[in-house]
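Okay, so here's the structure we're looking at.
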Amino acid sequence: MNETKQNASMPDEPPLGNNGLFPIRTVARLTGINPITLRAWERRHNLIRPIRTPSGHRLYSTADIELIRRIQSLSEQGMGFSQIGIVLKREARLAERMQNNKSGASEERFAAPPPARSTPVSGGIRRSAAAAVEAPSDTPPTLDALRAHVRQAAIALDADALQQIERKLLLWYPPETMIRLFLIDALHELERREIWPDQNLVLRWLSAEILRRIDGLLHLQPTSSGQIIAVDAIDTDGFLRAVEFGLILALAERFTIHLIPQTFPDALRVRLIARWNITHWIRLQRMDSHAYQTPATPNTIRIHRCLLMEGETPVEITETGLFRGSAHHCLSHLTEQLHP
1 MNETKQNASM PDEPPLGNNG LFPIRTVARL TGINPITLRA WERRHNLIRP IRTPSGHRLY
61 STADIELIRR IQSLSEQGMG FSQIGIVLKR EARLAERMQN NKSGASEERF AAPPPARSTP
121 VSGGIRRSAA AAVEAPSDTP PTLDALRAHV RQAAIALDAD ALQQIERKLL LWYPPETMIR
181 LFLIDALHEL ERREIWPDQN LVLRWLSAEI LRRIDGLLHL QPTSSGQIIA VDAIDTDGFL
241 RAVEFGLILA LAERFTIHLI PQTFPDALRV RLIARWNITH WIRLQRMDSH AYQTPATPNT
301 IRIHRCLLME GETPVEITET GLFRGSAHHC LSHLTEQLHP
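Position one of the sequence shown corresponds to residue 1 (full-length UniProt numbering), numbered consecutively onward.
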């Protein structure tokens, strides 16, 4: 008997006792993830492991709910589920390592870098972001606390505090992972917040900081023998979102990526691609507009226009030739298109 029929014969959900466990429908309301998806994350991807009652109902702890929200956040940034599983295991190992690291030798290993020379400004936000890294503690900071420190530094527009946190994170993570799990994650969380004063300024500032780091990282990577891909953005109002950064890093795992400067007009972008001898050009955009004119390019250059959606939206090709869908699905579609 399939699960749908089984559930139809059972009570809607077991009563919530004093054990702090939640039935699947409650979890779906709390997280916005429907029960079918939650079951798929458990059965197909082995990402969550709820407790089962004798009658077969799933019960989720508060830790499970936080894990579900983390999976949702990583998925919205364009990660595939196999990669999400790797990230979650890595985070769990690091969290355990931090928790167990309380000896004097461990404290020395995880010691914060020296304070920045900048003078605190703009009230307490900047001071709290820097102090979070500078202040010694008997207990190493949790991953959530480190992510919060990144967000605080961004809200304060404090490049010095952000660099201090990065130096601390680079003790445990390689640069690409640090950028993805902390900087892009912070941008994603700030994008999802309700509008506040200076939100646009903060998002643009943090996006520019991330772009500089990704551009530098791509220049350090050795050129592979595979495809070389050019990537740029159009109608993005001058800055990239977390989901777009996630796609760029995911593409960089498969291909050699060259980012086209945002300040170049289309004519110069075409000339740059021709000089690079590139045959595939990915253009990230926010709107599907008939008014957009594709620049004249040589027949050897193929243009792939992508509009990234959040969630698990399958790819569809619009009337204007735009690929529209979630970052994960767009990545799969692009990978098929880009392989010779």
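Backbone N, C-alpha and C define an ideal beta-carbon position, used for all residues, glycine too. As the structure is a prediction and not an experimental result, all values here were calculated from the model.
Here Leu203 is actually not in contact with Phe245; their C-beta atoms are around 12 Å apart, not less than 8 Å. A residue is called buried when at least 16 other Cβ atoms come within 10 angstroms of its Cβ; Ala296 does not meet this threshold and is exposed. Beta-bridge analysis with DSSP links Gly216 to no other residue.
In this structure the segment 194-211 does not lie against the segment 164-172, because fewer than three pairs of beta carbons, one per stretch, are closer than 8 Å.
In this structure Gln152 is buried. Its beta-carbon is surrounded by 16 or more other beta-carbon atoms within 10 angstroms. The C-alpha of Ile229 lies about 12 Å from the C-alpha of Gln337. The Cβ atoms of Leu183 and Arg213 sit closer than 8 Å to each other.
Our two residues, Arg180 and His188, have alpha carbons roughly 10 Å apart in a direct line. Rounded to the nearest whole angstrom, the CA to CA distance from His258 to Val231 is 6 Å.
Per DSSP, the beta-bridge partners of Glu316 are Arg324. In the structure shown, the three-state DSSP call for Ile210 is helix. Taking C-alpha positions only, Trp172 is separated from Leu94 by approximately 8 Å. In this chain, the beta strand (DSSP E) harbouring Leu308 covers 302-309. Annotation: the UniProt domain "HTH merR-type" (21-90) contains the following complete segments of the alpha helix (DSSP H) (minimum length 4 residues), in chain order: 24-31, 35-43, 62-76.
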